[in-house]
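Participant:
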Amino acid sequence: SAVISQKPSRDICQRGTSLTIQCQVDSQVTMMFWYRQQPGQSLTLIATANQGSEATYESGFVIDKFPISRPNLTFSTLTVSNMSPEDSSIYLCSVGGQLEAFFGQGTRLTVV
Amino acid sequence: RKEVEQDPGPFNVPEGATVAFNCTYSNSASQSFFWYRQDCRKEPKLLMSVYSSGNEDGRFTAQLNRASQYISLLIRDSKLSDSATYLCVVIPYDKVIFGPGTSLSVIP
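So the protein lines, in turn, are chains A and B. Residue numbering for the first sequence follows my numbering, beginning at 16 and increasing consecutively. Residue numbering for the second sequence follows my numbering, beginning at 497 and increasing consecutively.
(1) Going by C-alpha to C-alpha distance, which of Lys80(A), Leu107(A), Pro54(A), Arg85(A) sits closest to Met98(A)?
(2) Alpha carbon to alpha carbon, how far is Asn518(B) from Cys108(A)?
(3) Where Phe76(A) and Ser522(B) are concerned, what is the direct C-alpha to C-alpha distance, given to the nearest angstrom?
(4) Helix, strand or coil for Pro596(B), going by three-state DSSP, please let me know.
(5) Is it true that the region 543 to 550 of chain B meets the region 116 to 126 of chain A, where meeting means three or more beta-carbon pairs spaced less than 8 Å apart?
(6) Extract the residue ranges of the beta strand (DSSP E) inside the region 42 to 112 of chain A, only unbroken runs of 3 or more that lie entirely within it.
(7) Taking just the CA atoms, how far does Phe529(B) sit from Leu34(A)?
(8) Using a Cβ-Cβ distance cut-off of 8 Å, determine whether Thr63(A) contacts chain B.
(9) Taking the alpha-carbon positions, what's the Leu560(B) to Gly31(A) distance?
(10) If I'm right that Val110(A) touches Ile19(A) with Cβ under 8 Å, what's the distance once you round it to whole angstroms?
(11) With a threshold of 16 other CB atoms inside 10 Å of the CB of Gln29(A), please say whether the residue is buried or exposed.
(12) Going straight from the alpha carbon of Pro596(B) to that of Phe48(A), what length do you get?
What follows is the structure, encoded as structure tokens:
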């Protein structure tokens, strides 16, 4: 199993600003995943973050809007850049793969 | 076609009822399958894995049909505490794909 500490748990931000979300894992993992869950929707994969290489983004998500860092095997950050109200959502980091996925507690972002 | 699709729901059932959720997936190379449960304002938590032979955990039974690319979850004797959103999860290779979720409300 893996324990993930994600912060901040929530934030209210002004449009046009940026927010960086951090995830710390209690063990070394090869891949970390970042998801977005918009109100009433399921989880949508934003990108896969590998240590030592650029993140792989899913269709509809770009690096300029959601830059990701993965400096080591236990840590990753996701930045939501130049925010607009449409970015209001829950953002979750995740680790795991074939057997199970583990999640951070989520960051509830409101953009005003 | 979406990679993972589920019954739209919501399902509103009385306590003690039996309810079944269905899920289909498009990638025939998918190797691992799960049902996750998500309570309101919480992160998803693993409910159970789904095996080809079918598996049961108490009141919960999961089935996998690889030929039809279909997964099911059966909940017997529903409890109020079963009220949640149930997410079908499929893992093709190293990517975790979530279905849209089915909302269940168990009514007293």
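By construction, the Cβ of each residue, glycine as well, lies at the ideal position given by its N, Cα and C atoms.
Facilitator: Straight from the coordinates:
(1) Residue mapping note: residue 98(A) aligns to position 83 of the first sequence, counting from 1. Per the Cα distances, Lys80(A).
(2) What you label residue 518(B) is simply residue 22 of the second sequence in a count that begins at 1. What you label residue 108(A) is simply residue 93 of the first sequence in a count that begins at 1. Cα-Cα distance, rounded: 26 Å.
(3) As a first step, residue 76(A) must be located in the first sequence, where it is residue number 61. As a first step, residue 522(B) must be located in the second sequence, where it is residue number 26. Their backbone Cα atoms lie some 22 Å apart in a straight line.
(4) As a working note, residue 596(B) is residue 100 in the second sequence. Note: Pro596(B) maps to coil in three-state DSSP.
(5) no
(6) 46 to 52, 58 to 65, 83 to 87, 90 to 95, 104 to 111
(7) Along the first sequence, read from residue 1 onward, the residue named residue 34(A) stands at position 19. Along the second sequence, read from residue 1 onward, the residue named residue 529(B) stands at position 33. Computed Cα separation, rounded: 33 Å.
(8) Sequence index remark: in the first sequence, residue 63(A) carries index 48 (1-based). Closer than 8 Å to some Cβ of chain B, the Cβ of Thr63(A) qualifies, so yes.
(9) Working through the second sequence from its first residue, we reach residue 560(B) at position 64. Working through the first sequence from its first residue, we reach residue 31(A) at position 16. Roughly 46 Å between the two C-alpha positions.
(10) Translated into positions along the first sequence, residue 110(A) becomes position 95. Translated into positions along the first sequence, residue 19(A) becomes position 4. The pair is a contact, with the Cβ atoms about 7 Å apart (cut-off 8 Å).
(11) In the first sequence, counting from the first residue as 1, residue 29(A) sits at position 14. Exposed, because fewer than 16 other Cβ atoms sit within 10 Å of the Cβ of Gln29(A).
(12) Reading the second sequence from its first residue, position 100 is the one you call residue 596(B). Reading the first sequence from its first residue, position 33 is the one you call residue 48(A). For Pro596(B) and Phe48(A), the distance between alpha carbons rounds to 18 Å.
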